[in-house]
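Engineer: Here the sequence shown stands for residues 16 to 360, where the numbers follow our numbering.
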Amino acid sequence: MSLHQDAVVVDCHNDLILLVDHFDQRDRPGHFKDFWLPELRAGGVDVQILPICLEPAFQSEGGLRRTLLLVERIHRLAAEHSEDVAVCLTGGEIDAAVAAGKIALVIALEGAHGIGQDVALVRTLHRVGVRVVSMAHFGRTFLADGSGLDTTSRSRLTPQGIEALREMEELGIVFDISHLGLGGVDHVLELATRPFLATHSACLGITDVHRNLHDDHIRQIARLGGVIGVAAAIPFFIDARHPTADRVVDHIERIAEVAGIDHVGLGPDFIDDYYQQVFGGWIIPPDLVTTAGHAEVARPSDLPRITEALVRRGFAESDIRKVLGENVLRVLRDVMTAPAGGSRG
Numbered sequence: 016m017s018l019h020q021d022a023v024v025v026d027c028h029n030d031l032i033l034l035v036d037h038f039d040q041r042d043r044p045g046h047f048k049d050f051w052l053p054e055l056r057a058g059g060v061d062v063q064i065l066p067i068c069l070e071p072a073f074q075s076e077g078g079l080r081r082t083l084l085l086v087e088r089i090h091r092l093a094a095e096h097s098e099d100v101a102v103c104l105t106g107g108e109i110d111a112a113v114a115a116g117k118i119a120l121v122i123a124l125e126g127a128h129g130i131g132q133d134v135a136l137v138r139t140l141h142r143v144g145v146r147v148v149s150m151a152h153f154g155r156t157f158l159a160d161g162s163g164l165d166t167t168s169r170s171r172l173t174p175q176g177i178e179a180l181r182e183m184e185e186l187g188i189v190f191d192i193s194h195l196g197l198g199g200v201d202h203v204l205e206l207a208t209r210p211f212l213a214t215h216s217a218c219l220g221i222t223d224v225h226r227n228l229h230d231d232h233i234r235q236i237a238r239l240g241g242v243i244g245v246a247a248a249i250p251f252f253i254d255a256r257h258p259t260a261d262r263v264v265d266h267i268e269r270i271a272e273v274a275g276i277d278h279v280g281l282g283p284d285f286i287d288d289y290y291q292q293v294f295g296g297w298i299i300p301p302d303l304v305t306t307a308g309h310a311e312v313a314r315p316s317d318l319p320r321i322t323e324a325l326v327r328r329g330f331a332e333s334d335i336r337k338v339l340g341e342n343v344l345r346v347l348r349d350v351m352t353a354p355a356g357g358s359r360g
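1) To the nearest whole angstrom, what separates the beta carbons of V372 and G340, a pair I think is in contact under 8 Å?
2) With distance defined between alpha-carbon atoms, name the residue in A217, E178, V147, D160 nearest to D191.
3) Is the region 137 to 152 close to the region 48 to 57, with three or more CB pairs under 8 Å?
4) Based on the DSSP secondary-structure assignment, which residues constitute the bridge partners of N29?
5) How many angstroms separate the CA atom of A246 from the CA atom of V312?
6) If you check the beta carbons only, do I64 and V86 fall under 8 Å apart?
7) By the three-class DSSP mapping on this structure, what secondary structure does G131 have?
8) Below 6 Å CB to CB, which residues in the same chain sit around G282 once its five sequence neighbours on both sides are set aside?
9) Rounded to a whole number of angstroms, what is the C-alpha to C-alpha distance between D284 and E95?
10) Which residues share a DSSP beta bridge with P44?
11) Here's a check: name, in chain order, each residue in its chain whose Cβ is nearer than 7 Å to the Cβ of R359, leaving out the five neighbours to either side.
12) What did DSSP end up calling F211 once you bin it into helix, strand or coil?
13) Taking the alpha-carbon of L195 as reference, which of T167, L219, S162, G176 has the nearest alpha-carbon?
14) Using only CA atoms, which one of F153, V273, G59 lies nearest to T322?
15) Applying the 10 Å Cβ sphere with the 16-neighbour rule, what's the burial state of G356?
16) DSSP beta-bridge partners for F50?
17) Indicate whether R88 and I32 have their beta-carbon atoms separated by less than 8 Å.
18) Check the C-beta distance from V350 over to G187 and give it rounded, since I have them as a contact under 8 Å.
19) Once DSSP output is grouped into helix, strand and coil, what is the label at I269?
20) With 16 other CB atoms within 10 Å as the buried threshold, where does L84 fall?
21) State yes or no: is the C-beta of L206 within less than 8 Å of the C-beta of L180?
22) When DSSP labels each residue in this structure, what does G240 get in the three-state scheme?
23) Where does the unbroken beta strand (DSSP E) through A115 begin, and where does it stop?
24) Does the pairing of the region 290 to 301 with the region 271 to 278 give three or more beta-carbon distances under 8 Å?
25) For S149, report the span of its beta strand (DSSP E) as first-last.
26) Does D36 come out as helix, strand or coil in the three-state DSSP assignment?
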């Protein structure tokens, strides 16, 4: 616990803003303060990438409106809790927030449904604070196919997707390859010139589901300087029957063996509380098993279990610090702080 609390902990993926919005709509605006802030503090989280994932009802006509409303909610949340959290737009701002004892929030898109085919909106979303973007979720956008289409379509990026990737790299938006279909992953690896993240993925070589990455993709992501955040909170990705912290470390070890310790991080994907509160249980994504055990790492307060397992397995302290946050911080500082070619405003 001492090591965990002293290290900089970066969580690449927590869908908490969906649950905050759920309770906002039910006149319970204190949910973040009452539940998530204590959880984040108990888990030692210093940097939280906050994805905006659109529910199916908003993934077409209402996509941009819903995206902007949730972006605004994140900014309001930061204003309401300015002593504890800060929305960060650059690597320097992340470092300053952490040094001040605040949780640095980085706004992300999990699926670029709100962009449609209007690539100019990438720049608009950058203006309002978005700094991490994935192009698709399980289904299809105008930019790319999501991983849920791998059994029927292995499409590469569309022309608009290629343009959007180039725009992100120029602006200093971190590309997120998680959820991208296999054809899109291959295409991004051909085109990318900057480090990027797989914010919440795991190893196909351990758990055979379409959302996980095979070893060759892991090597290529590392070659570009990228990092894979292990989706510790999703049983289907880790081990449906035994989703323990030790099993999470199996995935960490596999990535370290394949690509090196500098290319693995944490992207737990804390979504269980949202599913339980909103739907009364899990909504099973396409092509995944219908039953699974309860993840040992289910909330941010469980994150020290991963550190404990890493120590027990003999990882060096310096390597543990890399996994907990230093690796992802390197990518955020690199891409967010120094846009390629500079921003045009």
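Yeah, the Cβ is synthetic: ideal placement off N, Cα and C, and Gly gets one too.
Structural biologist: Taking the structure as given:
1) Here the chain covers residues 16 to 360 and nothing more, so residue 372 does not appear.
2) Translated into positions along the sequence shown, residue 191 becomes position 176. Among A217, E178, V147, D160, the Cα nearest to that of D191 belongs to V147.
3) no
4) Along the sequence shown, read from residue 1 onward, the residue named residue 29 stands at position 14. Paired residues: F285.
5) To locate residue 246, count along the sequence shown from 1; it is residue 231. To locate residue 312, count along the sequence shown from 1; it is residue 297. Cα-Cα distance, rounded: 10 Å.
6) Residue mapping note: residue 64 aligns to position 49 of the sequence shown, counting from 1. Residue mapping note: residue 86 aligns to position 71 of the sequence shown, counting from 1. The answer is no: Cβ separation not under 8 Å.
7) Here residue 131 refers to the residue found at position 116 of the sequence shown. Coil.
8) As a working mapping, residue 282 is identified with position 267 in the sequence shown. C27, H28, T214, H215, G244, A246.
9) Working through the sequence shown from its first residue, we reach residue 284 at position 269. Working through the sequence shown from its first residue, we reach residue 95 at position 80. Spanning the two alpha carbons is a distance of roughly 24 Å.
10) Locating residue 44 in the sequence shown gives position 29, where the first residue counts as 1. Beta-bridge pairing links P44 to no other residue.
11) Counted from its first residue, the sequence shown places residue 359 at position 344. Note on R359: pLDDT 36, under 50, position unreliable in the model; the coordinate value appears next. Nothing meets the Cβ criterion.
12) For the purposes of this step, residue 211 is identified with residue 196 of the sequence shown, where counting begins at 1. Residue state, collapsed to three classes: coil.
13) The sequence position of residue 195 within the sequence shown is 180, counting from 1. Comparing Cα positions, the closest option is S162.
14) Position 307 of the sequence shown, counting from 1, holds the residue named residue 322. Of the candidates F153, V273, G59, the one whose C-alpha sits nearest the C-alpha of T322 is G59.
15) As a first step, residue 356 is located in the sequence shown; it is residue number 341 there, counting from the start. Bear in mind that the predicted position of G356 carries a pLDDT of just 49, short of 50, making it too unreliable to give a figure here.
16) To locate residue 50, count along the sequence shown from 1; it is residue 35. Note: F50 sits in no beta bridge, so no partner.
17) Working through the sequence shown from its first residue, we reach residue 88 at position 73. Working through the sequence shown from its first residue, we reach residue 32 at position 17. A contact, by the Cβ cut-off of 8 Å.
18) Working through the sequence shown from its first residue, we reach residue 350 at position 335. Working through the sequence shown from its first residue, we reach residue 187 at position 172. Yes, they are in contact, since the Cβ atoms of V350 and G187 sit about 6 Å apart, within 8 Å.
19) Reading the sequence shown from its first residue, position 254 is the one you call residue 269. In the sequence as displayed, the identity of residue 269 is Arg instead of Ile. Correct three-state label for R269: helix.
20) Counting from one through the sequence shown, the residue named residue 84 turns up at place 69. By the 10 Å Cβ count, L84 comes out exposed.
21) Here the question's residue 206 lines up with position 191 in the sequence shown. Here the question's residue 180 lines up with position 165 in the sequence shown. Contact flag set, yes.
22) Position 225 of the sequence shown holds residue 240. Looking at G240 - three-state DSSP - the assignment turns out to be coil, as it is neither helix nor strand.
23) Indexing the sequence shown from 1 puts residue 115 at position 100. Per DSSP, A115 belongs to no beta strand (DSSP E) and is neither H nor E.
24) no
25) Counting from 1 along the sequence shown, the entry for residue 149 is found at position 134. That run of the beta strand (DSSP E) goes 145 to 149.
26) The residue you call residue 36 lines up with position 21 of the sequence shown. Reduced to three states, the DSSP call for D36 is helix.
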